[in-house]
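K.L.:
Protein chains in written order, with our numbering: chain A, 117 to 419; chain B, 170 to 488.
We put the CB at the ideal spot given by N, CA and C, even for glycine.
The structure presented is a predicted model; accordingly, all values stated were derived computationally and were not measured.
Pasting in a structure now, in structure tokens, and then I'll have a few things to ask.
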Amino acid sequence: MATSSKAPPAPLATRAWEQGLPVVVMVLMFLLVWYGGAWGMNASGAIERVLEPSGNPWTWQDLLATTLNMERPVLPAPHQIALDFWSSLVDWPIDSPRNLLFHVAVTGETTLVGFAMGTVLGLVLSVLIVHSRTLDRALLPWIVASQTVPVLAIAPIVLVILGSLGLEGLAPKAVIAMYLSFFPVTVAMVQGLRSPQVIETEMMHTYAATRWQALWLLRLPAALPFLFPALRVGIAASLVGAMVAELPTGATAGLGARLLTGSYYGNTLAIWSALVMSSLLGLVLTTLVALTEHLAMRNRRQP
Amino acid sequence: MKPRLSMSHPATATAVVASLAAASLLFLHPAAQGSSPPTALFWLLLLALGAIALWTIRRVAAIQGTHFDGVLTAALFGLWVLYFWQVLVVAFEVPRVLLPAPTLIVQSLMDNYAKLWGDFTQTVLKAVCIGWLLGSGLGFAVAVAIDRMPFLQRGLLPLASLTSTVPLVAVAPIAVMWFGFEWPSKAAVVVLMTFFPMLVSTLAGLKASGKLERELMYSYGASYSRTLWSLRLPSAMPFMFGALKVNATLALIGAIVAEFFGSPTVGLGFRISTEASRMNMSLVWGAIVVAAVTGSLAYALLVQLERRAAFWHPSIRGK
Chain A
117 MATSSKAPPA
127 PLATRAWEQG
137 LPVVVMVLMF
147 LLVWYGGAWG
157 MNASGAIERV
167 LEPSGNPWTW
177 QDLLATTLNM
187 ERPVLPAPHQ
197 IALDFWSSLV
207 DWPIDSPRNL
217 LFHVAVTGET
227 TLVGFAMGTV
237 LGLVLSVLIV
247 HSRTLDRALL
257 PWIVASQTVP
267 VLAIAPIVLV
277 ILGSLGLEGL
287 APKAVIAMYL
297 SFFPVTVAMV
307 QGLRSPQVIE
317 TEMMHTYAAT
327 RWQALWLLRL
337 PAALPFLFPA
347 LRVGIAASLV
357 GAMVAELPTG
367 ATAGLGARLL
377 TGSYYGNTLA
387 IWSALVMSSL
397 LGLVLTTLVA
407 LTEHLAMRNR
417 RQP
Chain B
170 MKPRLSMSHP
180 ATATAVVASL
190 AAASLLFLHP
200 AAQGSSPPTA
210 LFWLLLLALG
220 AIALWTIRRV
230 AAIQGTHFDG
240 VLTAALFGLW
250 VLYFWQVLVV
260 AFEVPRVLLP
270 APTLIVQSLM
280 DNYAKLWGDF
290 TQTVLKAVCI
300 GWLLGSGLGF
310 AVAVAIDRMP
320 FLQRGLLPLA
330 SLTSTVPLVA
340 VAPIAVMWFG
350 FEWPSKAAVV
360 VLMTFFPMLV
370 STLAGLKASG
380 KLERELMYSY
390 GASYSRTLWS
400 LRLPSAMPFM
410 FGALKVNATL
420 ALIGAIVAEF
430 FGSPTVGLGF
440 RISTEASRMN
450 MSLVWGAIVV
460 AAVTGSLAYA
470 LLVQLERRAA
480 FWHPSIRGK
């Protein structure tokens, strides 16, 4: 761990073996436990609903086969989820509500719009806070304190308020995603914009740089390493916000709505597929932010 | 910052008190009580008061002083926001659905005291507390257990870090299906949400002790468990408290959102979603006040606990 930065990098194959193998083993163990769990949790239902009514004597192989292929299992087996996931992508046209990609598009759009709005708001607020002592003293403590509060609980209120103002569809959901993602950005950027050393700010001063120049040339570049981790947190929060915002509206489209309808109708497979899809969406969005970070920071040498 | 402090603090204090007195006088105006439509004079007074409010906040913010002065500014700002919220909502006759006045929210807090106390017991005392303790405890236990197994660590850590990008709260419908509508299903969601942050932080914390200290323990011939107990766990404390604080907020969010998916007819999340659909917004705000106060109190408690438990740590000592 600590020595890896000093030692010459090992060949790629060795590194992949050293780092990949434990992860692969863990995933396999996890799947094994999952299959075991599926067998154990579905057993009583399988006996009661499938094996007993058929009247024939059954062996443990029958039981195993039945528990792993139930229609409404307590815990679906991984291959069932994979099949349902795949069929939802392939068997239905892309604009059908049975296709998961349709829901991904809805939730993803909300997430990205909310995230963009939240980032802009966070950036503007942090610049204002850094330049105004009044805002710093009066507003920042409230923003920091609000991180200890379950702000997501305000989602139904935001929906009602915006709904009575005549806003429907994307806007209210994006607002919720926005206010979840602007907190981390604001707090991190205030820290980042203040990160330049005294000697650097004084040099800008001797160059007679204006506030804008100091902001653009010194403070913003110095704040980038603070910004990107906050953006990663922000986009994950934005996704949660977008999904939760779909719940109280009774929306019919989006991953959150899919989860809710799945739980209404007891459609376990649909819930699990939606869960897998939302995890994938979260991973893809975070990876996108990480890639942007890599692009933006590639010219910086690590001290 | 240029010293804008030509006047001393007593003058600022007088200004603040005088402006607040003026504000309470205006509060007695019939328009602010909602008993008569606002006149031009009322608007003029309100505008002037707004300017005065801004001025007092600037004055207090300019005090170069202790941490306390900073808190004072924020408190004054909050007070003014509450005041204008109250006056404007009443004078403008903003519909209650849109935004109830603060007094209405306080009123509904008092009227529905028993109901909200029931929600608080259901959501916070049962689901959140038990889930938070179980989840954080499990995360800690697993981290200590796999501390001596680097293979497991290398396998688990990347997967555990990935979970921070996944909307874990979406397991709520499954939890409801497995554990029923009552609080165990909410506690299960909370356990899942709090487990991974604690695991990752504890693992990071166990690596945080300095090489010098570890070599000292080695030269004492200290056993593994002795080193763990006397050196590595104490130096992991700031990491673990960090995770506990994050988890407190996560646990509240998890329990409240899980109740949106199905719950008995009690609970903060249930109250918020049902009363919002019945447009009884003052009670919704009341439930949110309860949740917000709970969150801040839990955080403050944990900060105090950290100061007691890790008082020797450099990150605490400086404060």
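Kindly list, in the order they appear in chain B, the residues whose Cβ is closer than 7 Å to that of A:Gly378.
P.N.:
Here the neighbours are Pro342.
K.L.:
Near A:Arg327, which residues of its chain fall below 8 Å by C-beta distance, leaving aside the five closest residues on each side in sequence?
P.N.:
His247, listed in sequence order.
K.L.:
Quick check on the burial criterion: 16 or more other C-beta atoms within 10 angstroms. Buried or exposed for B:His178?
P.N.:
The residue is exposed, with fewer than 16 neighbouring Cβ atoms inside 10 Å.
K.L.:
Do we get a CB-CB distance below 8 Å when we pair A:Met186 with the residues of chain B?
P.N.:
Output row for A:Met186: interface = no.
K.L.:
Using 8 Å as the cut-off, can you tell me whether the segment 433-442 of chain B makes contact with the segment 259-278 of chain B, which would need three or more C-beta pairs spanning the two stretches below that distance?
P.N.:
The segment 433-442 of chain B vs the segment 259-278 of chain B: no contact.
K.L.:
Under the three-state reduction of DSSP, which class applies to A:His219: helix, strand or coil?
P.N.:
Looking at A:His219 - three-state DSSP - the assignment turns out to be helix.
K.L.:
Going along the chain, which unbroken runs of the alpha helix (DSSP H) with 4 or more residues stay wholly within the segment 362-405 of chain B?
P.N.:
Whole alpha helix (DSSP H) segments, 4+ residues: 380-388 and 393-396.
K.L.:
Which whole-angstrom value is the C-beta distance of B:Gly300 and B:Val359, which I expect to be below 8 Å?
P.N.:
Indeed they touch by this definition, with Cβ atoms about 3 Å apart.
K.L.:
Got a sec: which bits of the segment 345-364 of chain A sit with their beta carbon under 7 Å from any beta carbon on chain B, in order along the chain?
P.N.:
The residues in question are Ala352, Leu355, Val356, Met359, Val360, Leu363 and Pro364.
K.L.:
At a CB-CB cut-off below 7 Å, which residues of chain E make contact with B:Ser333?
P.N.:
Here the protein chains are A and B, and chain E is not one of them.
K.L.:
Please state if the CB of A:Glu362 and the CB of A:Ala353 are separated by a distance shorter than 8 Å.
P.N.:
No, the Cβ-Cβ distance between A:Ala353 and A:Glu362 is not below 8 Å.
K.L.:
Residues of the segment 298-321 of chain A with a CB closer than 7 Å to any CB of chain B: list them in chain order, please.
P.N.:
From the segment 298-321 of chain A, no residue has a Cβ closer than 7 Å to chain B.
K.L.:
Going by C-alpha to C-alpha distance, which of B:Asn281, B:Thr292 and B:Leu307 sits closest to B:Ala427?
P.N.:
Among B:Asn281, B:Thr292 and B:Leu307, the Cα nearest to that of B:Ala427 is on B:Thr292.
K.L.:
Measuring straight from C-alpha to C-alpha, what distance separates B:Arg447 and B:Val453?
P.N.:
Distance between the alpha carbons of B:Arg447 and B:Val453 is about 10 Å.
K.L.:
When you compare only the Cα positions, how much space is there between B:Leu421 and A:Trp155?
P.N.:
Taking the straight line from one Cα to the other gives about 33 Å.
K.L.:
Look up A:Leu283 in the DSSP assignment and say whether it is helix, strand or coil.
P.N.:
Here A:Leu283 sits in coil by DSSP.
K.L.:
Give me the subset of the segment 411-428 of chain B whose CB atoms are less than 8 Å from a CB atom of chain A, sorted by chain position.
P.N.:
Correct list: Lys414, Ala417, Thr418, Leu421, Ile422, Ile425 and Val426.
K.L.:
Quick one: using the 10 Å Cβ neighbour count with 16 as the cut-off for buried, is A:His219 buried or exposed?
P.N.:
Buried: at least 16 other Cβ atoms inside 10 Å.
K.L.:
Any heavy atom of the ligand HEM closer than 7 Å to the Cβ of A:Leu347?
P.N.:
The model on display carries no ligand, and the ligand HEM is accordingly not part of it.
K.L.:
So with Cβ pairs under 8 Å, would you call A:Phe342 a contact of chain B?
P.N.:
For A:Phe342, the answer is no, since every Cβ of chain B falls outside 8 Å of its Cβ.
K.L.:
For chain A, check one thing: does any of its Cβ atoms lie closer than 8 Å to the Cβ of B:Arg323?
P.N.:
Yes, because at least one Cβ of chain A sits closer than 8 Å to the Cβ of B:Arg323.
K.L.:
Quick one: give me the first and last residue of the alpha helix (DSSP H) that B:Ser205 is part of.
P.N.:
Unbroken run through B:Ser205: none, as it is neither H nor E.
K.L.:
Which residues bound the alpha helix (DSSP H) around B:Glu351?
P.N.:
Taken as a continuous stretch (DSSP letters only), B:Glu351 belongs to no alpha helix (DSSP H), as it is neither H nor E.
K.L.:
If you draw a straight line from the alpha carbon of A:Leu391 to that of B:Val258, how long is it in whole angstroms?
P.N.:
In a straight line, the C-alpha of A:Leu391 is about 42 Å away from that of B:Val258.
K.L.:
Shortest alpha-carbon distance to A:Glu242 belongs to which of A:Gly308, A:Met233 and A:Trp174?
P.N.:
In the sequence as displayed, the identity of residue 242 of chain A is Ser instead of Glu. Nearest of A:Gly308, A:Met233 and A:Trp174 to A:Ser242, Cα basis: A:Gly308.
K.L.:
Let me see if you follow: with CB-CB separation under 8 Å, is A:Thr384 close to chain B or not?
P.N.:
With 8 Å as the cut-off, A:Thr384 counts as an interface residue toward chain B.
K.L.:
Between B:Ser484, B:Ala469, B:Ala467 and B:Val435, which has its C-alpha nearest B:Trp286's C-alpha?
P.N.:
Closest by alpha carbon: B:Val435.
K.L.:
Over the uninterrupted alpha helix (DSSP H) stretch that includes B:Thr334, give me the two end residues.
P.N.:
Per DSSP, B:Thr334 belongs to no alpha helix (DSSP H) and is neither H nor E.
K.L.:
Against chain A, does B:Ala270 count as a neighbour if the rule is that its beta carbon must be under 8 Å from one of theirs?
P.N.:
Judged by the 8 Å Cβ criterion, B:Ala270 is not in contact with chain A.
K.L.:
What residues from the segment 242-253 of chain B come within 8 Å of chain A, judged by C-beta to C-beta, listed N to C?
P.N.:
Within the segment 242-253 of chain B, the qualifying residues are Thr242, Ala243, Leu245, Phe246 and Gly247.
K.L.:
Pick helix, strand or coil for B:Glu262, following the three-state DSSP scheme.
P.N.:
B:Glu262: coil per DSSP, three-state reduction.
K.L.:
Apart from the five residues just before and just after B:Met386, which ones in its own chain have a Cβ nearer than 6 Å to its Cβ?
P.N.:
Same-chain partners within the cutoff: Thr396 and Leu400.
K.L.:
Round the Cβ separation of A:Leu355 and A:Leu401 to the nearest angstrom and send it over; I've been treating them as touching at under 8 Å.
P.N.:
Correct: roughly 6 Å between the Cβ atoms.
K.L.:
For A:Gln196, count neighbouring Cβ atoms within 10 angstroms of its own Cβ and tell me buried if that reaches 16, exposed if not.
P.N.:
Flag for A:Gln196 reads buried.
K.L.:
Could you tell me whether the Cβ of A:Ile270 comes closer than 8 Å to any Cβ of chain B?
P.N.:
For A:Ile270, the answer is yes, since a Cβ of chain B falls inside 8 Å of its Cβ.
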